[in-house]
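*Asks:*
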Amino acid sequence: MKQNLKNPVVIVGGGIAGLTAANFLRRQNVPVRLFEAGKQLAGLAQSFHDTDGFTYDFGAHFLTNRLAAAVGIGANCRDVPRYGETVWLAGKNYGYPFGLLRVPRFAASGAATQLKSFVSKDEAVSAEEWFRAKYGRALADEVAVPLTEAWSGASGADLSRSVGDSIPGSIAKTLFLKVAGKLTGRAVACGYSREMPEKPSVWHVYPENGISTLCQKLAENLADAIELETPVEAIYVENERAIGVRAGGRDIEASAVVSTAPVHVLPKLIKGSQKLNYLHRFRYRPMIFVNMRFEGRGLLSDVVVWTPENRFPFFRLTETPLSMPWLAPEGKTLITVDIGCEKGDEIWQMEDEKLGEICLENLTPIIKDARERYRGCRVLRTPLAYPIFLREYEADRKRFERGTEIENLYSVGRNGEFSHIFMEDVYWRTLGKMRELMGNLSRQSDDKFEPVESALVIEDAVSV
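Quick note, the sequence shown lines up with residues 412 to 875 if you use my numbering.
1) Curious, which full-length alpha helix (DSSP H) runs of at least 4 residues does the segment 822–862 contain?
2) Between the alpha carbons of G683 and A432, how many angstroms are there, rounded?
3) Taking the alpha carbon of W737 as the point to measure from, which residue in D461, F465, L416 has its own alpha carbon closest?
4) Can you grab the Cα-Cα spacing for the pair E783 / N773, in whole Å?
5) Threshold first: 3 residues or longer. Then list the beta strand (DSSP E) segments lying entirely within the segment 594–665, N to C.
6) Assign G426 to buried or exposed, taking buried as 16 or more other Cβ atoms, counted over all protein chains shown, within 10 Å of its Cβ.
7) Going by beta carbon distance, what residues of the same chain come within less than 7 Å of E870, once the five residues before and after it are set aside?
8) Give a yes or no on whether the minimum CB-CB distance between T815 and chain B is below 7 Å.
9) Can you list, in chain order, the residues of its chain whose CB lies under 7 Å from that of V482, leaving out five sequence neighbours each side?
10) Using a Cβ-Cβ cut-off of 8 Å (strictly less than) and excluding sequence neighbours within five positions of F771, which residues of its own chain qualify?
11) What does the alpha-carbon distance come out to for the pair S590 and V613?
12) When the Cα atoms are used, what is the spatial distance from P642 to A658?
13) I'd like to check one pair, Y467 with F913: are the Cβ atoms closer than 7 Å?
14) Tell me the DSSP secondary structure of A448 in three-state form.
15) One question on the structure: do N397 and S712 come within less than 7 Å of each other, judged by their Cβ atoms?
16) Which stretch, first to last residue, makes up the beta strand (DSSP E) that contains A796?
17) With three or more C-beta pairs closer than 8 Å as the rule, is the segment 750–761 touching the segment 693–700?
18) At what residues does the beta strand (DSSP E) containing P697 begin and finish?
19) Could you pull out every residue in the same chain whose Cβ sits closer than 8 Å to the Cβ of R597, ignoring the five residues on either side in sequence?
20) Could you spell out where the beta strand (DSSP E) holding N504 opens and where it closes?
21) Start and end of the alpha helix (DSSP H) containing Y546?
22) So what does DSSP say about Y689, is it helix, strand or coil?
23) Looking at the structure shown, is D490 part of a helix, part of a strand, or coil, going by DSSP?
24) Can you tell me whether G850 is buried or exposed? The criterion is at least 16 other CB atoms within 10 Å of its CB, across all chains shown.
25) So for R513, helix, strand or coil by DSSP?
26) Quick one: grab the DSSP three-state call for G751.
27) What's the C-alpha gap between N434 and L842?
28) Would you mind stating whether L558 and F517 have Cβ atoms separated by less than 7 Å?
29) Once you ignore the five residues that flank F473 on each side, which residues in its own chain have a CB closer than 6 Å to its CB?
30) If you measure between the beta carbons of A653 and V668, is that distance less than 7 Å?
31) Taking the continuous alpha helix (DSSP H) assigned at L733, which residues delimit it?
32) Where does A523 fall in DSSP's three states?
33) According to DSSP, which residues form a beta bridge with D468?
34) Only counting the same chain, and skipping five residues up and downstream in sequence, which positions put a Cβ closer than 6 Å to that of G815?
35) Per DSSP, what kind of secondary structure is S571 in: helix, strand or coil?
36) In the DSSP assignment, find the unbroken alpha helix (DSSP H) run with L766 in it and report its ends.
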């Protein structure tokens with residue numbers, strides 16, 4: 412049934428969250444208009460292919476068979492057969508998490524901390540305190556806290572304990588899922604979803620033509636609703652209710668507005684309310700991904716190697732072809748180097764060739780013949796890689812979790828929710844917010860919104 416809304420729902424941004432929202436609403440016959448400031452869709456979920464046969468993403472992207480099935484690209488995905496992590500510490504590799512637990516000082520410190528927790532229930536306030544209470548002082552101070560500080564650019568004492576929410580659950584569950592992966596020969600997902608259950612039947616896959624395939628599928632029936640190179644310059648609010656936007660120099664009335672804009676940008680867009688001004692001080696961590704090409708394969712001990720020691724300019728190395736061989740030509744490999752920085756600083760402005768040289772120099776303790784194997788690099792930069800959960804605005808962050816406090820204005824996606832969530836959770840959380848939006852619109856008008864989308868796809872995906 413066609414809904415008789417006077418005005419469309421306007422969506423700001425054409426990444427995974429915005430396209431998920433638009434796709435869902437279109438399936439419910441709700442009129443939508445999506446405005447994307449850039450020349451193409453997908454945001455950070457883009458894939459780049461070079462003439463030498465290498466595929467690059469913004470970091471190493473993994474999605475699950477459950478998400479692929481829900482979106483409708485399951486048949487176009489390959490299973491990821493392998494995924495593992497190690498930590499490089501004092502010249503040695505330790506498997507994560509179980510190899511670290513076999514280190515005597517880590518095990519002893521962890522055991523002492525667990526015993527202490529039975530006697531004292533001190534509530535951790537900072538990320539530093541949380542890691543020490545969770546893993547013991549030795550493991551926290553040598554591994555967890557330095558890594559957290561490297562990717563966030565903030566002191567562990569200044570970060571909120573909520574940073575720990577992104578860490579996978581219990582050791583027992585992690586072990587169970589890793590054993591299931593060994594038995595099935597698939598990279599069973601662990602720590603990649605909070606909205607849906609993690610189980611042996613949910614594993615990592617990769618679309619044959621790259622991660623951007625996900626967005627292409629979501630946009631498949633939205634061509635008439637999408638306008639590229641059309642930045643939204645303002646979101647109009649009247650009596651604490653979103654009523655329209657200004658996009659590409661035009662004023663457009665809206666029944667609701669769904670924003671994927673970074674939260675510190677959102678208050679700059681809003682005209683007619685100061686409710687969200689407290690979001691101005693929220694910060695994101697810029698990141699540089701140096702995609703280094705090498706002759707050979709299996710140069711790292713596992714797919715991901717964490718480097719917590721501050722002598723390294725990077726904190727994570729990922730050899731994606733160990734998980735997904737098709738991302739590099741046969742006999743070659745690709746190692747993605749993650750470097751935290753600040754937009755405009757020396758690292759951010761450094762030429763690609765020099766960045767590659769710095770990474771190469773620091774890789775030699777880990778890969779002895781790295782220089783002889785090196786075949787150049789490609790560098791990707793993003794000013795908005797990770798939300799930084801600072802203690803100074805933790806109360807406001809929790810306030811924003813409950814909603815925008817402006818009627819018919821929704822903020823979705825990793826940047827729009829200011830949340831450490833992966834693609835699958837972005838998808839399910841956005842669907843939940845869009846169902847909430849439809850319920851609110853129904854109560855505000857004479858239109859009764861009854862779902863017309865077949866539930867088959869979602870139910871099948873949930874049962875995976």
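All C-beta atoms in this analysis are idealised placements derived from N, C-alpha and C, irrespective of residue type, glycine included. Since the model is a prediction, treat every value here as computed from it, not as a measurement.
*Replies:* For this structure:
1) 824–828, 834–855
2) The count along the sequence shown starts at 1 and reaches residue 683 at position 272. The count along the sequence shown starts at 1 and reaches residue 432 at position 21. Whole-angstrom Cα-Cα distance: 25 Å.
3) Counted from its first residue, the sequence shown places residue 737 at position 326. Comparing Cα-Cα distances from W737 to each of D461, F465, L416, the minimum goes to F465.
4) Counting from 1 along the sequence shown, the entry for residue 783 is found at position 372. Counting from 1 along the sequence shown, the entry for residue 773 is found at position 362. The straight-line gap from Cα to Cα measures roughly 14 Å.
5) 615–618, 643–648, 653–658, 661–664
6) Here residue 426 corresponds to residue number 15 of the sequence shown, with the count starting at 1. Under this definition G426 is a buried residue.
7) To locate residue 870, count along the sequence shown from 1; it is residue 459. Its pLDDT being 42, under 50, E870 is placed unreliably in this model, and the value from its coordinates should be taken loosely. Same-chain partners within the cutoff: there are none.
8) Of the chains in the structure shown, none is chain B; there is only one protein chain.
9) If you number the sequence shown from 1, residue 482 lands on position 71. The answer, listed in chain order, is L625, K628, L629.
10) Along the sequence shown, read from residue 1 onward, the residue named residue 771 stands at position 360. The question names Phe, yet the displayed sequence has Leu at residue 771. Here the set comprises M703, A781, R782, Y785.
11) Here residue 590 refers to the residue found at position 179 when the sequence shown is read from its first residue. Here residue 613 refers to the residue found at position 202 when the sequence shown is read from its first residue. Rather than Ser, the amino acid found at residue 590 in this sequence is Val. The alpha-carbon atoms of V590 and V613 are separated by roughly 13 Å.
12) Taking the first residue of the sequence shown as 1, we reach residue 642 at position 231. Taking the first residue of the sequence shown as 1, we reach residue 658 at position 247. Approximately 6 Å between the Cα atoms of the pair.
13) Only positions 412 to 875 of the chain appear in the structure, and residue 913 is not among them; the question remains open.
14) By 1-based counting over the sequence shown, the position of residue 448 is 37. DSSP places A448 in coil when its eight states are reduced to three.
15) Outside the displayed span of the chain (412 to 875) sits residue 397, for which this structure offers no information.
16) The residue labelled residue 796 in the question sits at position 385 within the sequence shown. Per DSSP, A796 belongs to the beta strand (DSSP E) from 785–799.
17) yes
18) In the sequence shown, residue 697 corresponds to position 286, counting from 1. Where P697 is concerned, the enclosing beta strand (DSSP E) stretches over 694–706.
19) To locate residue 597, count along the sequence shown from 1; it is residue 186. Same-chain partners within the cutoff: D490, V491, P492, W614, H615.
20) The sequence position of residue 504 within the sequence shown is 93, counting from 1. Where N504 is concerned, the enclosing beta strand (DSSP E) stretches over 503–506.
21) Taking the first residue of the sequence shown as 1, we reach residue 546 at position 135. Start and end: 538–546.
22) Within the sequence shown, residue 689 is the residue found at index 278, counting from 1. The answer is helix: DSSP assigns Y689 an H, G or I state.
23) Stepping through the sequence shown from its first residue, residue 490 is reached at position 79. In the structure shown, D490 sits in a strand (DSSP, three-state: E or B).
24) As a position in the sequence shown, residue 850 is number 439, starting the count at 1. By the neighbour-count rule (16 or more Cβ atoms within 10 Å), G850 is not buried but exposed.
25) As a position in the sequence shown, residue 513 is number 102, starting the count at 1. It is coil, neither helix nor strand.
26) The residue given as residue 751 occupies position 340 in the sequence shown. It is a strand residue.
27) Taking the sequence shown and counting its residues from 1, the one referred to as residue 434 is at position 23. Taking the sequence shown and counting its residues from 1, the one referred to as residue 842 is at position 431. Roughly 10 Å separates the two Cα atoms.
28) Mapped onto the sequence shown, residue 558 falls at position 147. Mapped onto the sequence shown, residue 517 falls at position 106. Cβ atoms of L558 and F517: not closer than 7 Å.
29) Your numbering for residue 473 matches position 62 in the sequence shown. Contacts found: H615.
30) What you label residue 653 is simply residue 242 of the sequence shown in a count that begins at 1. What you label residue 668 is simply residue 257 of the sequence shown in a count that begins at 1. Yes, Cβ-Cβ distance for A653 and V668 is below 7 Å.
31) Numbered from its first residue, the sequence shown carries residue 733 at position 322. L733 -> no alpha helix (DSSP H), and no H or E assigned at all.
32) Position 112 of the sequence shown, counted from the first residue, corresponds to residue 523. In this structure, A523 counts as helix in the three-state DSSP scheme.
33) Against the sequence shown, residue 468 aligns to sequence position 57. Looking at the DSSP assignment, D468 forms a beta bridge with S458.
34) Here residue 815 is taken as the residue at index 404 of the sequence shown, counted from 1. Before going further, note that residue 815 is Thr rather than Gly in the sequence given. Answer for T815: S822, listed in chain order.
35) The residue labelled residue 571 in the question sits at position 160 within the sequence shown. In the structure shown, S571 sits in a strand (DSSP, three-state: E or B).
36) Position 355 of the sequence shown, counted from the first residue, corresponds to residue 766. Element bounds for L766: 763–774.
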